[in-house]
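For the sequence shown, the working numbering assigns the number 9 to the initial residue and increments by one for each residue that follows.
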Amino acid sequence: NDYTFLNALCLIVEFSLCLQSLWFLNMNDIQQEIVPITQDDLFVVKNHPNAKFDYPIHCHPEYEINLVMKTSGTRVVGDYEEAFSDLDIVMTGPYVPHVWKSDLLTNHVITIQFSSDLLSFQMINKRLFMPIRQLLIDSTQGLQFYGTEAERIRDEIMELTRIQGFQTATKFLTLLNFMAATPRRNL
């Protein structure tokens with residue numbers, strides 16, 4: 009349909025503009041990640057208690073929430089590079105290039121990936137979901153969550169790794185709703 013075509017066209021333009029904004033990187037260095045989410049998944053959670061941070065800078069058409077714990081290093085999201093430490097929570101929108109680098113051998117990372125189609129769900133256009141919709145829109149350049157609320161986000165994400173079934177869907181939506189109301193900064 010026309011909406012799907014326009015949505016895909018917007019993503020292509022956004023990806024192109026994003027790549028152009030990364031003047032300090034060789035465009036050949038940015039890899040397109042193929043994520044394990046399928047049409048049947050609302051989201052996927054990947055828990056890496058011993059992440060190596062050896063993945064190159066990459067992007068993908070999905071939204072992503074990264075919880076990085078008990079480590080420090082350098083993070084690049086879009087055209088923004090900075091140091092991170094201990095507790096780092098970042099949300100990236102579709103096609104936002106990102107990478108975390110650390111010289112430490114123990115890095116705990118939990119990644120939640122979900123489809124950019126979430127914005128086209130009829131439910132997300134309802135008044136109750138407007139804060140989540142705005143969060144998704146705001147994440148197009150990357151968002152960082154901080155303060156005591158970041159600790160609660162960490163706890164909610166950790167809980168999401170321990171539950172199964174329909175509970176994961178309600179927990180995921182609750183997490184997005186909490187993140188939508190949490191102080192954050194644009195990257």
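Glycine included, each C-beta is placed from N, C-alpha and C at the ideal position.
Note that the structure is predicted; figures quoted are calculated from it, not measured.
Residue i, DSSP secondary structure in three states
{"i": "D163", "result": "helix"}
{"i": "L14", "result": "Reliability of the predicted coordinates at L14 is poor, the pLDDT of 44 falling under 50, and the value obtained from them is presented with this limitation in mind. In this structure, L14 counts as helix in the three-state DSSP scheme."}
{"i": "K179", "result": "helix"}
{"i": "E157", "result": "helix"}
{"i": "Q152", "result": "strand"}
{"i": "S123", "result": "coil"}
{"i": "S147", "result": "helix"}
{"i": "P57", "result": "strand"}
{"i": "N9", "result": "Since pLDDT at N9 reaches only 45, below the 50 mark, its modelled position is unreliable, and no value is offered."}
{"i": "R141", "result": "helix"}
{"i": "S128", "result": "helix"}
{"i": "L184", "result": "helix"}
{"i": "L112", "result": "coil"}
{"i": "R170", "result": "coil"}
{"i": "L95", "result": "strand"}
Residue closest to residue i, alpha-carbon to alpha-carbon, out of the options
{"i": "A158", "options": "H116, L95, F51 and P57", "result": "L95"}
{"i": "F137", "options": "K54, H66, Q47 and L181", "result": "L181"}
{"i": "A188", "options": "F153, T82, F51 and M131", "result": "F153"}
{"i": "T176", "options": "D48, Q47 and V52", "result": "V52"}
{"i": "L143", "options": "I118, L127 and G155", "result": "L127"}
{"i": "I145", "options": "D62, M166 and T100", "result": "T100"}
Same chain only: Cβ atoms within 7 Å of residue i, ignoring 5 sequence neighbours per side
{"i": "N185", "result": "P139 and I140"}
{"i": "E70", "result": "V43, I45, P102, Q121, F122, S123 and S124"}
Nearest-angstrom Cβ-Cβ length linking residue i and residue j, presumed shorter than 8 Å
{"i": "H116", "j": "M77", "result": "4 Å"}
{"i": "L168", "j": "L183", "result": "7 Å"}
{"i": "V84", "j": "V104", "result": "Between V104 and V84 the Cβ distance is about 10 Å, and since that is not below 8 Å, they are no contact."}
{"i": "T190", "j": "I161", "result": "7 Å"}
Residues near residue i by beta carbon distance below 6 Å, same chain, minus five either side
{"i": "T79", "result": "S110, L112 and N115"}
{"i": "E89", "result": "none"}
{"i": "E164", "result": "L183"}
Problem set entry | Whole beta strand (DSSP E) elements within the stretch 46-90, 3-residue minimum | With a minimum length of 3 residues, the continuous beta strand (DSSP E) runs that stay inside the stretch 46-90 are 52-59 and 71-85.
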